[in-house]
Amino acid sequence: MSMWEYANPKKFMGWTRPVLPWTFAIAGLCLVIGLIWGFFFTPDDFRQGSTVKIIYLHVPSALMAINAWIMMLVASLIWVVRRHHVSALAARAAAPVGVVFTLIALFTGGIWGQPMWGTYWAWDPRLTSFLILFLFYLGYIALWEAIEDPDTAADLTSVLCMVGSVFAILSRYAVLFWNQGLHQGASLSLDKEENVADVFWYPLLVCIAGFVLLFVALVLMRTRTEIRARRIRALEARARRA
Amino acid sequence: MLRVQNLTCARGGLPVLADVSFEVAAGEVLILRGPNGIGKTTLLRTLAGLQPAISGEVSYPDDEGAYASHADGIKTALTVTENLTFWADVHGAALPADILETFDLADLRDRLGGTLSAGQKRRLGLARLGVIGRKVLFLDEPTVSLDRFSVKLFADWLQNRHLAAGGLAVIATHIDLGFPAPELDLTPFKASLDTGGGTDEAFL
Amino acid sequence: MIALLLRDLRLAIRAGGGFGLGLAFFLIVVVLVPFGVGPETALLSRIAPGILWVASLLAALLSLDRIFALDYEDGSLALLATSPLPLEGAALMKALAHWVTTGLPLTLVAPALGFLLSLAPEAYAYLLISLLIGTPALSMIGTFGAALTVGLRRGGLLLSLLVLPLYVPTLIFGAEAVRRGAEGLDPTGALMLMAGITAGSFALLPFATAAVLRINLR
Chain A
3 MSMWEYANPK KFMGWTRPVL PWTFAIAGLC LVIGLIWGFF FTPDDFRQGS TVKIIYLHVP
63 SALMAINAWI MMLVASLIWV VRRHHVSALA ARAAAPVGVV FTLIALFTGG IWGQPMWGTY
123 WAWDPRLTSF LILFLFYLGY IALWEAIEDP DTAADLTSVL CMVGSVFAIL SRYAVLFWNQ
183 GLHQGASLSL DKEENVADVF WYPLLVCIAG FVLLFVALVL MRTRTEIRAR RIRALEARAR
243 RA
Chain B
91 MLRVQNLTCA RGGLPVLADV SFEVAAGEVL ILRGPNGIGK TTLLRTLAGL QPAISGEVSY
151 PDDEGAYASH ADGIKTALTV TENLTFWADV HGAALPADIL ETFDLADLRD RLGGTLSAGQ
211 KRRLGLARLG VIGRKVLFLD EPTVSLDRFS VKLFADWLQN RHLAAGGLAV IATHIDLGFP
271 APELDLTPFK ASLDTGGGTD EAFL
Chain C
8 MIALLLRDLR LAIRAGGGFG LGLAFFLIVV VLVPFGVGPE TALLSRIAPG ILWVASLLAA
68 LLSLDRIFAL DYEDGSLALL ATSPLPLEGA ALMKALAHWV TTGLPLTLVA PALGFLLSLA
128 PEAYAYLLIS LLIGTPALSM IGTFGAALTV GLRRGGLLLS LLVLPLYVPT LIFGAEAVRR
188 GAEGLDPTGA LMLMAGITAG SFALLPFATA AVLRINLR
């Protein structure tokens, strides 16, 4: 039996049912441990004070905002090549989750930016890239919502996801190019591993694990909902014909 | 020349016709019959390659198929001649000298497509078939909004020009074209509820 | 393929609106900006490159939904799909026709509007070059977006939502080239990168557009 058989909608419903509660439970545990550890049991940064602790929300959500899009791209490719329905529906299910992570990253970035740069919003290359990513998510979701036929929608959104990915990467480099002249080296970067001391790094890892698991759990749950909706649709179509 | 074997085709992801098989030789016409909604349009679009079949085989010479429906691609801002010349150019064919006479369009040659009546437009749409030089025609209700005289024009062209030159046609129509042609009733091929191949089958 | 290009150009001229509407929109946007930001020449001169690029981008966006909509409604698109003309070629020709009817006229009148915004004298050449290189990419990307939304009844707004994020890199490089030209810096880098985007769009997007059209014709 190949691994692809797990992508059969019925099989998928079968194996995700027991897995889902555990994924939620472990995700919750990681988040509780990671956030409490990070917020209350790490020292204040000597320059940034306690504001630095927002990295426990900001960095994992920013990571997942990008990873969700990558997951959608992979799922779209699988749909185009192998036409597994679950793959297309998982891409659809992941998009709103990705949007929320992007928004969390943007908001926490702004809240962190206020004490650091003295402003909630600056057209910093990294912040701007996330804003553009947010727009890509919106377009992708809007296209899914606009198309009646689910297979047509899956095909079209897959192509959009692939083309969008190329342009998202181009935008990233364009934004870097664009902001060079404005304020060179002004961005204060904390997401390079070597910049983060071990005391901050371990709770951060736990938080990242929690966000990854939370993403997996939410996508599994939403995919199950999408599968049920498709099943209702299929049954209704046959009931109308009978 | 056209060979259809065990063709199952779908509309909106659900099978509508199952196991359709027939053959049409050069110089022959096949008329498709059946009640509304049986899947005549779906079958013709599948034959023309506009939508994929669920299963089965369709074979005819490459680059010989042409599809025509009530939407005949007439540009309202182009004249009759320009409309036809465009399709001739796209198909790399020359405009036949008598094509306008054949479809009684000679007097309308410089009229804009938008000023034609429904029947005149239809004649122009059918004249396109005489321009593109394709042998295998899939026609969906070609005689809609034509008067009896125009139907005769079309039937004459089909019989004396297209079929005589070795072409063939599969036509979905409710009217009598005025010459004997084999008919295929699609009612027996209606897909049953347990016909496999619907795109959402994996969800059942 | 040339026949399709010529037909689309002829239709654009006869139907009207093809050339005129986009240009009028471009003019109005540029005229509105000073009303919004004030008449101060120094400020206008500084933001002129960006205004001209954003305005031409919006003007190009305006006519995108007509690229395939009419051909889809009257059945031409299905007939083209069964013709010997490859759909990839048709997509390319559609994009070219859109560029000739919108991008090219916008490029040609942009210097005149730059004058209204007191664009720096050094920047005119770069404005012309950047629009000349960049607007074809806008047309090609827009053609892809138009193909995505062709089957939808209310596709216009969705089309903007899909296409505008894809326009970001072109806009950045285009406006940056003009700005650098205006400030006496070397704009070659921005121009080269934008040319790369245009070339890449024309190499790859016709295939994506044709694939999307086939899905929508199903």
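Residue numbers (this note's numbering), protein chains in the order written: chain A, 3 to 244; chain B, 91 to 294; chain C, 8 to 225.
We put the CB at the ideal spot given by N, CA and C, even for glycine.
Using a 10 angstroms sphere on the CB of Val201 of chain A, the tally of other CB atoms stays under 16, which defines it as exposed.
Looking at B:Pro125, B:Ala183, B:Gly129, the one whose alpha-carbon comes closest to that of Leu97 of chain B is B:Gly129. Ala116 of chain B sits in coil when the DSSP states are folded into three classes, being neither helix nor strand. Linking Leu222 of chain A to Ile80 of chain A through their CA atoms gives a straight-line distance of about 17 Å. Gln95 of chain B is bridged by DSSP to B:Glu147. Within chain B, no residue has its CB atom less than 9 Å from the CB of Asp72 of chain C, the nearest being about 18 Å off. By the criterion of a C-beta distance shorter than 8 Å, Gly203 of chain B is surrounded in its chain by Ile164, Lys165, Thr166, Ala167, Leu168, Thr169, Val170, Asn173, Lys211, Leu214, once the five residues flanking it on both sides are discounted. Rounded to the nearest angstrom, the gap between the Cα atoms of Ala138 of chain B and Ser83 of chain C is 15 Å. According to the DSSP secondary-structure assignment, Phe228 of chain B is paired through a beta bridge with B:Tyr157, B:Val260. In the structure shown, the three-state DSSP call for Lys13 of chain A is helix. Note on geometry: alpha-carbon atoms of Gly141 of chain C and Leu59 of chain C lie some 13 Å from one another. The alpha-carbon separation between Thr154 of chain A and Asp152 of chain B amounts to approximately 27 Å.
Put simply, the stretch 156-172 of chain C touches the stretch 135-150 of chain A. At least three CB pairs are less than 8 Å apart.
With respect to the 7 Å criterion, Val185 of chain C and Tyr131 of chain C are not classified as neighbours on the basis of their beta carbons. Its chain contains Ala155, Leu158, Thr159, Leu162 as the residues whose beta carbon lies nearer than 8 Å to that of Leu145 of chain A, once the 5 sequence neighbours on both sides are disregarded; these appear in chain order. Contact annotation: the stretch 108-128 of chain B touches the stretch 252-266 of chain B, with at least three C-beta pairs closer than 8 Å. For Ala10 of chain C, a Cβ of chain B is located within less than 7 Å of the residue's own Cβ. Residue pairing from DSSP places Val110 of chain B in a beta bridge opposite B:Leu97. Nearest neighbour of Phe239 of chain B by Cα position, chosen from B:Ala217, B:Gly220, B:Val148, B:Phe193, turns out to be B:Phe193. For Phe176 of chain B, the nearest beta carbon of chain C is closer than 7 Å to its own beta carbon. In this structure, Leu30 of chain C places its C-beta atom within 7 Å of the C-beta atom of Pro112 of chain C. Across the structure, Val76 of chain A and Val226 of chain B are spaced so that their CA atoms are roughly 41 Å apart. Tyr157 of chain B reaches chain C at Ala85, Leu86, Thr89, counting residues in chain order whose Cβ is nearer than 8 Å. For Asp157 of chain A, the nearest beta carbon of chain C is closer than 7 Å to its own beta carbon.
DSSP places Glu7 of chain A in the helix class (H, G or I) of the three-state scheme. DSSP places Glu273 of chain B in the uninterrupted beta strand (DSSP E) bounded by 273-275.
Contact check for Phe279 of chain B and Ala245 of chain B: beta-carbon distance about 26 Å, past the 8 Å limit, so the pair fails to qualify. Using a 10 angstroms sphere on the CB of Arg135 of chain B, the tally of other CB atoms reaches 16 or more, which defines it as buried. Against chain A, the beta carbon of Thr289 of chain B has neighbours under 8 Å at Asp153, listed in chain order. Within chain C, no residue has its beta carbon less than 9 Å from that of Asp230 of chain B; the closest one is some 10 Å off. Within chain C, the residues placing a beta-carbon under 7 Å from that of Ile164 of chain B are Asp81, ordered along the chain. For the pair Ser146 of chain C and His181 of chain B, the CB atoms are not nearer than the 7 Å cut-off. Within chain C, the C-beta atoms nearer than 7 Å to that of Gly141 of chain A come from Leu168, Leu169, Pro172, in chain order. Two segments are said to touch when three or more pairs of C-beta atoms, one from each, lie closer than 8 Å; by this definition the stretch 116-125 of chain C touches the stretch 36-44 of chain C. Between Ile189 of chain B and the set B:Ala254, B:Thr175, B:Asp162, B:Ala217, the nearest pair of CA atoms involves B:Ala217. For Ile164 of chain B, there is no enclosing alpha helix (DSSP H), since its DSSP letter is neither H nor E.
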